[in-house]
């Protein structure tokens, strides 16, 4: 009897709690459905701002028009400079709207929505900006990708005296006492003179614009360039898949390619439905605007300044182009990646690519129109205008390429690569056949004949971080599926790809020929090496209490000093995504402390203990400066803003910027070492040097290895990428040995 009574009581309690749970769930769903503000309920708190509506940009329309000037910035929408919207009635049909995600209640146990999640990411956040890690969390059902954009803080303007102090500290390693005194006098004169006026005007601009730098940076750093940007500005890299399931194998180009394309399309769908997880630093959201620029984005050449066309729309903002462009043997094809509201499956993508490949292999090569994007910008702009005037249809075909999700390059090359050396793959990704790379496109996905992969990206719309996250997503999905498609082999009745046939004449064909010839000459001068240092990696450096990124940067300073006999002015990327539309700041690793340590390492009379003390001072200085840069207290972008204010006001260029110390220390884009940590994954990248006598240096750090890609120009007798890497690897050994022998 007692047992029966106890069972009835437990049953009634169970029903009571189930009923209470369903009641709470209904209340939450009601509030989410109608976007009413919700106060604290148990451990749940959702602000009305989090549930607020979308700042809507004008959806793609059918008219043939161009909207000049700054785009209307909604919630993370638009770009600075001239924004081109869809302007041609002949644009491909946009896809049926993807199924809209219904609002869901947040978990009562709030789950971390940081980029990488877990303890590793939180440890990394001690230093500042998050970096790309392994085992990332990509999808979120709890919050929308762009929901925090409008609440992000404005990009701050540092105080004038702080920036000038940091500048003086940065130029010290490159000047003797007399030169430094002269520069110090110039800086003081600037601070108490014209600098005050320029700072005041910059502060006024910052009151009117949430990111005072954004438009300037896009124009000055990218769109104003007249040299071939595909060579000198784009970045690229090798697909990481050969590290696990996909070693090079002939005949697998399309079989593997259709899988990577499908995963890429699923990533686009995450962004379009705003389910891509919001990146965070600690518990604070970071700017996600660059992810709007990954797809449906293209640079458009101009006579004096290029512009950026972004056709991407989230599901709530309207229709978004969903077609892909395929370049193969000088020909251009297009097909829609969405059919009847669903993304094409890998077997369906295989069908489309196989059709294109078969046609191209059985028919003559095309004219290679894409090569024009590899040329000098004004020349390409003039040819493009000529092309449009030649036949109005050409304009609509160009628009179709520009608005596409991304470009697929079917490349007949078969570059060999291993996890320890991907040099051939990276070099072809960066400098391969220009007739099958649309250099202005935000993303070219390159499928090589032997089943290896590469990417080539225009740098204007986003930084490497955005592409690294995408590639990490694809890589994780391929690992999860063991490199195979495990879904249905059914192929729906979908339209065949269409070829985009341009009307050309001999003048255009001549321009294509000249562009190909100049491109070949320029890229043949590039030296590129990719090596893996496998003695140790992140695990050991952290065990020794040394920050892995700083470890590599100081190792590079020592390597350069040993190779060249003097300090090397260095640019390291610092992210400023804590702020609205933040991108990067310059962090200068060549500090007084770093140089003093390098000298001690080359001084045979210096003890191990003293060398170690000098090294730890350099570490501390580097970490402090990186944190300042990521918090909006760097000085390089600030000085750029002051210079641009002077130019806009028609004032003479201040002496601070004409002082030889400014250029010698790297100012004005004159850094000898142009470096960037691309993350803690197996995704790598590369870019060319910033100046002719410099190096481009990308690196990634794993638990057991450090993988570097270094570039230099063969025509420069002073530089040697291979020797710099060898010196770096020896320097890394010396540094870890120093920590072991100094007996701290």
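In the numbering used here, the protein residues as written are 366 to 1109.
Where is the CB? At the ideal position from N, CA and C, for every residue including glycine.
Residue 634 versus residue 657 - alpha carbon distance: 12 Å
In terms of alpha-carbon separation, which member of 508, 1101, 1006 and 715 lies closest to residue 911? 1101
Between residue 838 and residue 628, which are expected to be in contact by the criterion C-beta below 8 Å, what is the C-beta distance as a whole number of angstroms? 7 Å
Whole-angstrom C-beta distance between residue 782 and residue 789, which should lie under 8 Å: 6 Å
Do the stretch 609-627 and the stretch 708-719 meet, that is, are 3 or more Cβ pairs less than 8 Å apart? yes
Best match in 814, 977, 902 and 953 for proximity to residue 615 [C-alpha to C-alpha]: 814
With a threshold of 16 other CB atoms inside 10 Å of the CB of residue 772, please say whether the residue is buried or exposed. buried
Inter-residue spacing [alpha-carbon to alpha-carbon] between residue 961 and residue 979: 7 Å
Got a sec, what are the start and stop residues for the alpha helix (DSSP H) residue 794 sits in? 788-796
Contact between the stretch 1002-1015 and the stretch 506-513: three or more CB pairs below 8 Å? no
Per DSSP, residue 1077 is paired with what? 892
Terminal residues of the beta strand (DSSP E) in which residue 1049 lies: Unbroken run through residue 1049: none, as it is neither H nor E.
Just how far apart, CA to CA, sit residue 683 and residue 1096? 54 Å
First through last residue of the alpha helix (DSSP H) which encompasses residue 926: 913-929
State the CB to CB distance for the pair residue 864 and residue 749, rounded to an integer number of angstroms; the pair is presumed to be in contact (CB under 8 Å). That pair is no contact at about 20 Å.
What residues match up with residue 1064 in a beta bridge as DSSP calls it? 1042 and 1073
Endpoints, the beta strand (DSSP E) within which residue 688 is located: 688-693
Use the C-beta contact count for residue 489: other C-beta atoms within 10 angstroms, 16 or more gives buried, fewer gives exposed. Note that residue 489 scores a pLDDT of 35, beneath 50, so its modelled location is shaky; the value from the coordinates is reported in the next line. Buried is the call here.
Run through DSSP, which three-state label would residue 878 get? helix
Is residue 590 helix, strand or coil when you go by DSSP? coil
Report yes or no: do the stretch 1070-1081 and the stretch 898-905 share at least 3 C-beta pairs separated by less than 8 Å? yes
Paired residues, beta bridge with residue 665 - DSSP: 672
Entirely within the stretch 947-1010 and at least 3 residues each: give me those beta strand (DSSP E) ranges in chain order. 949-952
To the nearest angstrom, report how far apart residue 823 and residue 974 are at their CA atoms. 47 Å
Counting along the chain, where does the alpha helix (DSSP H) carrying residue 700 start and finish? Note, residue 700: premise wrong, no alpha helix (DSSP H); beta strand (DSSP E) at 696-701.
Below 8 Å on the Cβ atoms is my guess for residue 1039 versus residue 1015; work out the distance and round it to an integer in Å. Not really, about 32 Å apart at Cβ, beyond 8 Å.
Cα-Cα separation between residue 630 and residue 660, rounded to whole angstroms: 10 Å
Just curious, the alpha helix (DSSP H) that residue 1106 is in, first and last residue? 1086-1106
Specify the secondary structure class of residue 851 as computed by DSSP and reduced to three states. coil
Are the Cβ atoms of residue 1112 and residue 846 separated by less than 7 Å? The structure shown does not extend to residue 1112, since the chain is modelled only from 366 through 1109, so no value can be given for it.
Those residues which DSSP pairs with residue 938 across a bridge: 951
Leaving out five residues before and five after residue 651 in sequence, what residues of the same chain have Cβ atoms less than 7 Å from its Cβ? 644, 645, 942 and 943
Does the beta-carbon of residue 1018 have 16 or more other beta-carbons within 10 angstroms, so that it is buried, or is it exposed? exposed
Could you tell me whether the stretch 738-757 touches the stretch 567-577, using the rule of 3 or more Cβ pairs below 8 Å? no
Could you work out which residue in 1061, 593, 732 and 730 is closest to residue 667 when comparing CA atoms only? 593
Unbroken beta strand (DSSP E) run spanning residue 555, endpoints: No beta strand (DSSP E) holds residue 555; the alpha helix (DSSP H) holding it covers 542-557.
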